[in-house]
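A quick write-up on the structure given underneath.
In the working numbering, the protein residues as written are 163 to 246.
Structure, rendered in structure tokens:
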């Protein structure tokens, strides 16, 4: 779907910039009750080549926005772990 396409594009961009290689271990979406005002919570689990593991969450009324924000948070957490 759309998120898979975004993940592939972001991983390609990151790799091209010399970034760390990440593996998507889990992707979970929760939709709160609320009708048209519902908020989506996305949880992403990433690992890297060093077996570091991070979990990141993001919320938004838009599932794509929440997914991209969670991706960014998870990637940044792994990046910082690799700097230590």
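For each residue, glycine too, the CB sits at the ideal point set by N, CA and C.
Remember, it's a predicted structure, so these values are computed and weren't measured experimentally.
query: CB of residue 204 within 9 Å of CB of residue 187, strictly; result: no
query: Residue 176, DSSP secondary structure in three states; result: helix
query: C-beta atoms of residue 219 and residue 232 nearer than 9 Å; result: yes
query: Distance, residue 169 Cα to residue 243 Cα; result: 20 Å
query: Supposed contact pair residue 225 and residue 202 - C-beta distance, whole angstroms, cut 8 Å; result: 5 Å
query: Cβ pair residue 184, residue 228 closer than 9 Å; result: no
query: Backbone secondary structure at residue 200 - three-state DSSP; result: coil
query: Rounded straight-line distance, which links the Cα of residue 163 to that of residue 246; result: 35 Å
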